[in-house]
Structures are given as C-alpha cells and as structure tokens.
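Student: Under UniProt numbering, the sequence shown has 3 at position 3, and the numbering climbs by one with no breaks.
Virtual Cβ for every residue (Gly too), placed ideally from N, Cα, C.
Small disclaimer: the values here were computed from a predicted structure and weren't measured.
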Amino acid sequence: MSLKTDRLQLPAEIWLRIFDFATFVPGILETEVQDPFDSPTTLLPHAEYELLSSTGKSSLATKRSLVQVCRDFYWLALPLLYQTVFLGPPKSTSARALRDAYLADILGCLSNLEILSVHTNSLDLYIPHFVVDSLITTSASSLRKLYFERDSGLHLRASDRMDLLDKCPNLRTVSLGDSIACKELCPIDLLRVSEPSFLTISSTPSGCTSRHLEHAPARPSLRHVLFSRYGHSTEHSVDAMCHFLSVQGPYLESIQLDARFTPHDWLQVGLNLFTDYCPRLARLTLILGSTSWRSLSLNGLNLPSVTHLALHFDCRQGPEDFQHLFLCLSNTYAPTLKVVRFLQPRRTRNLKKYVAEGCDCPRGIPEELREAVPVLVIHDIICYLNDRQPSDAVDLLMGLPPSACITLIFLSLDIPPGVAIWTVDTPCSIASSIYIFTPLNITHCITCWNGCWFATYS
Numbered sequence: 001m002s003l004k005t006d007r008l009q010l011p012a013e014i015w016l017r018i019f020d021f022a023t024f025v026p027g028i029l030e031t032e033v034q035d036p037f038d039s040p041t042t043l044l045p046h047a048e049y050e051l052l053s054s055t056g057k058s059s060l061a062t063k064r065s066l067v068q069v070c071r072d073f074y075w076l077a078l079p080l081l082y083q084t085v086f087l088g089p090p091k092s093t094s095a096r097a098l099r100d101a102y103l104a105d106i107l108g109c110l111s112n113l114e115i116l117s118v119h120t121n122s123l124d125l126y127i128p129h130f131v132v133d134s135l136i137t138t139s140a141s142s143l144r145k146l147y148f149e150r151d152s153g154l155h156l157r158a159s160d161r162m163d164l165l166d167k168c169p170n171l172r173t174v175s176l177g178d179s180i181a182c183k184e185l186c187p188i189d190l191l192r193v194s195e196p197s198f199l200t201i202s203s204t205p206s207g208c209t210s211r212h213l214e215h216a217p218a219r220p221s222l223r224h225v226l227f228s229r230y231g232h233s234t235e236h237s238v239d240a241m242c243h244f245l246s247v248q249g250p251y252l253e254s255i256q257l258d259a260r261f262t263p264h265d266w267l268q269v270g271l272n273l274f275t276d277y278c279p280r281l282a283r284l285t286l287i288l289g290s291t292s293w294r295s296l297s298l299n300g301l302n303l304p305s306v307t308h309l310a311l312h313f314d315c316r317q318g319p320e321d322f323q324h325l326f327l328c329l330s331n332t333y334a335p336t337l338k339v340v341r342f343l344q345p346r347r348t349r350n351l352k353k354y355v356a357e358g359c360d361c362p363r364g365i366p367e368e369l370r371e372a373v374p375v376l377v378i379h380d381i382i383c384y385l386n387d388r389q390p391s392d393a394v395d396l397l398m399g400l401p402p403s404a405c406i407t408l409i410f411l412s413l414d415i416p417p418g419v420a421i422w423t424v425d426t427p428c429s430i431a432s433s434i435y436i437f438t439p440l441n442i443t444h445c446i447t448c449w450n451g452c453w454f455a456t457y458s
C-alpha cells in the first residue's frame, strides 16, 4: 500500500495529534506554573527549561523532518515548526550589534508571542532598549509569561523592566532571575503586573523597605509564589520578605520556598513569616539542599493552615536523614495536614531502601524509628498484600493507639486506577489523620465507608 493511500486513511486532525505527541516538550508551552499537587509531573517551577538543550533541540529536529516528508505534511506541520522559536547567542562580540538588530526585527514579527524565556550564562549584558521596545510594541497584549534563567547573563535595565511590567496587561507568570542586575528590584515592584498568577521573588535590595506600602496594591489573583534564593544575602532579606508579605500575604494559598542556597536558619525564618502573614496558606513546598536538610528542626514545624506539604531534596538521603525527617514530622504542629509528598521518585526509592534495612524488625520497620515516631509505615502496598494475608493489615491497624496517624508510602508505580488497597472492618476512629508519601501524579482520595478503608486514584 502506498504512503499516499495510508495517509488518506487518517483525517488531518488525527495527524496533527500524532505530530503533537511526537514533538511534545513537557511544560515548554505552559503559560501558568502549576501547583506541584496539581501538576502531571513532579518538576519544580520552570524546571522544564533545564531540559531545553536536549529535548528542545530534539523536538525541533523532528519538526524539521516532518515538513520535509511531503506537501501534505508540510502544510500540517508548518504551524508546529514555528510554534517555538530558538535564538542562539552571538558567536562573537563583533556580531552582537547585528544580532541585536535582528532580534528586534524578529520580535517585531511575533504579534502572538505568549512566552519569552531567556537562557544564557555566557554573557553579562543588558538587553538593548530598542529590543525591549520592539517586544512591547508588538507583543504587549499577547505576552503571558516572562522568564529569565536564575543566573542569566542577559539582563533588563530597571526602566525597561518597569515598562514590561506596566505595559503587558495579560502577564500571568513573571520570573526575572537572580542576577546582580535584579538586586535593585523590590518584590513590591512585581505587583505592578495587573493580574499575576505566579511570581518568583528573588531580590533583596537594601532600599526596598523604605517604600510606602499604602501605595502598593495587593493582587487578589496572585495566590502562588516562589521565594528563590531569598536568604543568599541575609542583611535585608527578612525585611524585604516581610515587606512583600505584609501586602500580598493574606491572598497567598500556595508557596514554594527554595532554601538550597540560604543560611542554615533561613528555612525556619521563612516558615515563621508564612505563619504570621499568610493565614490562607494551604500548600507548601520546601526545596531543600545539602545545607538546609538539617534545618528541619527536631522540634517540628509550625504549619497551622497547611493541608499539603511537598518536599524536594537535592542530595541523596541516608537512614539517619529519614529518621531526622520523621522525627520532625512527628513533632510538627499541622492540624489540617492531609498529604506529604516527595517530589523526586528516587528519594522515595531511598526511603524504601531505608525501610528495607530494618528487615529484622517485624514488617520491615526499624525498631528505633517505631519507638521514636508515632507513625505506621506500610511499604510496597501491592507486594505486601500479595505476600501476606489481609488479616495482617487488620492486626497492624488495630494495634495503633487512637491518636496515631497512618503514613502510607506508595512506592509501586503500577497501582491500577480505582484499586482498593485494603478492606478493614474497624472503626474509622483508629487514625486521626493520614499522611501520604508518593512519587505518583495522582489525586488521593482516602475514605472510610461502612468500616472499610479505600484508597482510590484518578
């Protein structure tokens, strides 16, 4: 059968879907930053741009190939080819002026531009004013996302930055990096965006707190922020953070705190500020590195309004690290906490190995952990129920004190939708709360119906 005959068997709409799947790069066309608990992946905000050097180029190569197959494919795939435009850096200093002029001309043709992302650390230059002016003139009404890599070598001048924030009414997501050029930017200045949905706060200017707060309007649409590298310079960071939270804090419902490049005590300082200024905070993500891991106090955290806690660790954890974590969680004040989630599957595999090391203890739970933490750990639920009788689960649950909390660690990646993890004929008062540790992108629904516990997935 000829290729032409085969092609005619599928409508154009189906081919477009096939092309879309073949060239898809996760997150690259998303104008909104999703909450980790709503996201189909466990990536951190803007992590999709870290994959551009590999996945982006591969996707572009596939698109170029598609438009060369035949005339039909050319017209179908051409919109995909120009869906994303990659512009490389100038190859020499002498070529920079010419490249800047070309960049302004290119931006002048992009009347539907929604996302502008800047990724380069090989330069230390300001973007020319006429390039920014071309962007505003052409794309002010369409631009929805403005992203600069954290250590980008290309910067915006203060006046150009303010023009972009003021003159792009549909901006929703703004992250201006953490370069030296951004240090004069007060977090309050980001509220010049009329209807933001996500902001990255990363600057700590010394003169920030002298601004008059009565002239800084809060933005009810802004409920999700990322505080990135905020404590790298501690002299003014606390005051600047208070400055922003005193205006916007009452509206914030989801906060991500990047404490990887901060002093040891910065995590607790940030959490205290969230408690003081953010009464509606329900979802909290802690991004921890090697220096901030031990900043989780053994006395626990104060999370009075948090219902969902996500944890991201840069480094591999050993048994003592997880014991530290569980001790912290067991002493945490979080009356509304429902879900705790690891954002990296490999960290959960580390936890699985830790639990397995206690195989001499019944049910694979290390004795010191069982004594120290009022938590029941059930690992590999599917394998566990295959290896043991359901009555074993009943015995485990019935042996808990009424005030205990159940921690379910779902490590298997093949749990089918709608599965009932177990059925237990016990009163639902056996546990005061249920924490779920999982690397899966699932919606959790733990229910007790007629004395039966069910865990379902959608």
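Please say whether leucine 303 and serine 295 have beta carbons closer to each other than 9 Å?
Tutor: For serine 295 and leucine 303, no; Cβs fall outside 9 Å.
Student: Judging by CA-CA distance, which residue of Arg144, Met241, Val339 is the nearest neighbour of isoleucine 188?
Tutor: Taking only the C-alpha atoms, the option nearest isoleucine 188 is Met241.
Student: Let me know if arginine 388 comes out buried or exposed under the rule of 16 or more other beta-carbons within 10 Å of its beta-carbon.
Tutor: Note that arginine 388 has pLDDT 35, beneath the 50 cutoff, so the model's placement of it is unreliable and the number below is only indicative. Arginine 388 should be labelled exposed.
Student: Could you round the C-beta distance between threonine 31 and threonine 173 to whole angstroms and report it? I think they count as a contact, below 8 Å.
Tutor: That pair is a contact at about 6 Å.
Student: Suppose contacts are defined by Cβ-Cβ distances below 9 Å. Is histidine 155 in contact with isoleucine 136 by that definition?
Tutor: It is not a contact, given that the beta carbons lie outside the stated cut-off.
Student: Sort Ala12, Tyr82, Arg64 by Cα distance to leucine 29 and report the nearest one.
Tutor: Nearest of Ala12, Tyr82, Arg64 to leucine 29, Cα basis: Tyr82.
Student: Take glutamine 34 as the anchor and find which of Phe342, Val238, Val225, Leu103 has the nearest alpha-carbon.
Tutor: Comparing Cα-Cα distances from glutamine 34 to each of Phe342, Val238, Val225, Leu103, the minimum goes to Val225.
Student: Buried or exposed, going by whether 16 or more other CB atoms sit within 10 Å of the CB of lysine 57?
Tutor: Exposed is the call here.
Student: Per DSSP, what kind of secondary structure is arginine 64 in: helix, strand or coil?
Tutor: Here arginine 64 sits in helix by DSSP.
Student: In terms of residues, what are the limits of the alpha helix (DSSP H) holding threonine 275?
Tutor: Counting along the chain, the alpha helix (DSSP H) containing threonine 275 begins and ends at 266-277.
Student: Check this for me: beta carbons of alanine 310 and threonine 285, under 9 Å apart or not?
Tutor: Yes. Within cutoff.
Student: Taking the straight line between their C-alpha atoms, what separation do you get for threonine 307 and arginine 341?
Tutor: Near 11 Å, if we compare the C-alpha coordinates of arginine 341 and threonine 307.
Student: Could you check the C-alpha separation between aspartate 314 and glutamine 68 for me, to the nearest Å?
Tutor: Looking at the two C-alpha atoms, the distance is approximately 43 Å.
Student: Compute the beta-carbon to beta-carbon distance between leucine 245 and leucine 222, rounded to the nearest angstrom, for a pair I have assumed lies under 8 Å.
Tutor: Wrong, their Cβ atoms sit about 12 Å apart, outside the cutoff.
Student: Less than 9 Å between the C-beta atoms of arginine 219 and leucine 176, yes or no?
Tutor: Not a contact, by the Cβ cut-off of 9 Å.
Student: What does a CB cutoff of less than 7 Å around lysine 167 pick up in its chain, not counting 5 residues either side in sequence?
Tutor: Cβ neighbours of lysine 167 beyond the five flanking positions: Ile136, Ala140.
Student: DSSP state of serine 58, grouped into three classes?
Tutor: Here serine 58 sits in helix by DSSP.
Student: Suppose you measure from the CA of leucine 165 to the CA of proline 11; what does that come to, to the nearest Å?
Tutor: Each residue's alpha carbon lies about 43 Å from the other.
Student: Threonine 426 by DSSP, collapsed to three states: which one?
Tutor: Bear in mind that the predicted position of threonine 426 carries a pLDDT of just 32, short of 50, making it too unreliable to give a figure here.
Student: With a CB to CB cut of under 7 Å and the five nearest residues on each side skipped, what residues in its chain are close to threonine 55?
Tutor: Hits under 7 Å: Val25.
Student: Assuming serine 111 contacts tyrosine 147 under a Cβ cut-off of 8 Å, what Cβ separation, rounded to an integer in Å, is found between them?
Tutor: Not confirmed; about 20 Å, so no contact.
Student: If leucine 76 and phenylalanine 19 are in contact, beta carbons under 8 Å, what's the gap, nearest whole angstrom?
Tutor: Going by Cβ atoms, the distance from leucine 76 to phenylalanine 19 rounds to 7 Å, so yes, they are a contact pair.
Student: Out of Ser297, Leu199, Leu343, state which residue places its alpha-carbon closest to the alpha-carbon of aspartate 321.
Tutor: Comparing Cα-Cα distances from aspartate 321 to each of Ser297, Leu199, Leu343, the minimum goes to Ser297.
Student: Spatial neighbours of isoleucine 14 within its chain, please: C-beta separation below 8 Å, excluding the five flanking residues on both sides.
Tutor: Within the same chain, isoleucine 14 has no close Cβ partners at all.
Student: Per DSSP, what are the beta-bridge partners of alanine 310 in this structure?
Tutor: BP columns for alanine 310 point to Thr285, Arg341.
Student: Per DSSP, what kind of secondary structure is valine 225 in: helix, strand or coil?
Tutor: The answer is strand: DSSP assigns valine 225 an E or B state.
Student: Flag this pair as yes or no: are the beta carbons of alanine 282 and threonine 200 separated by less than 9 Å?
Tutor: Result no, Cβ atoms of alanine 282 and threonine 200 do not sit closer than 9 Å.
Student: When the distance is taken between beta carbons, is valine 131 closer than 9 Å to alanine 104?
Tutor: Yes, the pair counts as a contact, with Cβ atoms nearer than the cut-off.
Student: Where do the ends of the beta strand (DSSP E) carrying isoleucine 115 lie?
Tutor: Here the beta strand (DSSP E) through isoleucine 115 covers 115-118.
Student: With a CB to CB cut of under 8 Å and the five nearest residues on each side skipped, what residues in its chain are close to leucine 78?
Tutor: Once the five neighbours on either side are set aside, the close Cβ partners of leucine 78 are Val67.
Student: Drop a sphere of 10 angstroms on the beta-carbon of leucine 87, count the other beta-carbons inside from all chains shown, and report buried for 16 or more, exposed for fewer.
Tutor: It counts as exposed.
Student: Tell me leucine 125's beta-bridge partners as DSSP assigns them.
Tutor: Leu154, per the DSSP bridge assignment.
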